[in-house]
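First comes the structure, then the notes that go with it.
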Amino acid sequence: MEPNSQHSSGSGLVLIGSGRFRPFRNIWMLEELGVPYTHIPASPRSSTAGQYNALGQVPILKDGDFVMTESGGINTYLGDKFRKTGRTELIPAAGTMERGQYEQWVSFILMELDAQGLWVHRKHAELAGLLAPACPVAVETSRVHFIKCMKRLAEQLHAHPSSYLIPNFGFSAADILLVHIVGWAESIDASPRWDQPWRETPTEPMRTLLSYVSRCCERPAFKRAKRKQ
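Read in order, the letters of the sequence shown correspond to residues 0 to 228 in numbering that gives the first Met the number 0.
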């Protein structure tokens with residue numbers, strides 16, 4: 000049975016993908032922007048997802064006849080599209096140093112924390128036998144890499160403890176990605192050979208990271224997005 004639409008509107012924006020997965024990043028972004036959209040909470044590899052993505056992956060954004068995938072790219076597109084008309088500005092303008100920082104942190108989060116860290120773990124531990132064989136070496140390698148990268152981000156945040164990843168800009172779509180990643184890491188804490196990096200390294204930078212995450216999770220848009228999971 001196909002999922003029902005939620006948050007329907009007359010807008011041409013349609014977001015496909017359950018908030019239990021990476022599409023949460025895009026739901027949060029849309030809620031921050033305050034633009035109308037239709038949400039179809041389809042699961043990965045569902046027939047709905049397969050209509051628009053040959054890999055069956057979510058999220059998928061439809062903007063009229065335009066269709067795009069990848070959570071980070073979708074948020075950047077939305078931030079640029081609604082820069083002046085959205086409720087808030089979440090993407091620095093192109094050509095600025097702040098935009099360079101934004102692109103840097105988005106790439107780092109998606110490549111190092113998501114792809115090389117959490118996703119490798121998930122494929123070889125939680126989804127072992129479905130997407131990839133069980134591989135304790137890969138799981139441990141991904142765990143060590145994730146912790147190393149989280150330490151770098153914690154130090155970045157600790158240098159500006161009351162700010163965000165881009166200090167001279169403020170809260171951005173890069174923060175949305177990082178907070179979602181931290182939540183994902185917490186959700187698999189009970190899995191074999193995994194531990195939260197802040198438990199292994201209870202340093203001041205890690206405490207700053209936890210304070211930052213709590214602050215972001217108090218945002219009204221985050222709470223509205225959580226209700227759509």
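Using N, Cα and C, we set each Cβ at its ideal position, and we do this for glycine too.
- M205 and G63 have their C-alpha atoms spaced approximately 43 Å apart.
- Closest option to I15, judged by alpha-carbon separation, among K80, E31, L208 and V66: V66.
- Under the Cβ criterion (8 Å, minimum of three pairs), the stretch 104-117 counts as touching the stretch 146-162.
- In the three-state reduction of the DSSP assignment, L12 falls in the strand class.
- CA-to-CA, the gap between G33 and L156 works out to about 27 Å.
- Under the three-state reduction of DSSP output, A124 falls in the coil class, being neither helix nor strand.
- Following the DSSP letters along the chain, one finds T140 inside the alpha helix (DSSP H) bounded by residues P135 to H157.
- Note on geometry: alpha-carbon atoms of E88 and L29 lie some 12 Å from one another.
- Between the C-alpha atoms of Q50 and R44 there is a straight-line separation of about 10 Å.
- The secondary-structure analysis by DSSP pairs I180 with nothing; it has no beta-bridge partner.
- Between A158 and N74 a beta carbon distance of about 24 Å is seen, past the 8 Å cut, so the two are scored as non-contacting.
- Within the stretch 34-102, the complete beta strand (DSSP E) segments at least 3 residues long are 37-39, 59-62 and 65-68, listed from N- to C-terminus.
- Annotation: I108 is outside any alpha helix (DSSP H) and is labelled neither H nor E by DSSP.
- Between the stretch 88-99 and the stretch 129-138 there are fewer than three C-beta pairs closer than 8 Å, too few to call the two in contact.
- Straight through space, the alpha carbons of G18 and E139 are spaced by roughly 28 Å.
- The Cβ-Cβ distance between R24 and H179 falls below 7 Å.
- In the same chain as E203, and ignoring 5 residues on each side of it, the C-beta atoms closer than 8 Å to its own belong to H157, in chain order.
- For Y211, the uninterrupted alpha helix (DSSP H) run begins and ends at E203 to C216, by DSSP.
- By the neighbour-count definition (other C-beta atoms within 10 Å, threshold 16), A41 is a buried residue.
- Q100 sits close to I165, with the two beta carbons spaced by under 7 Å.
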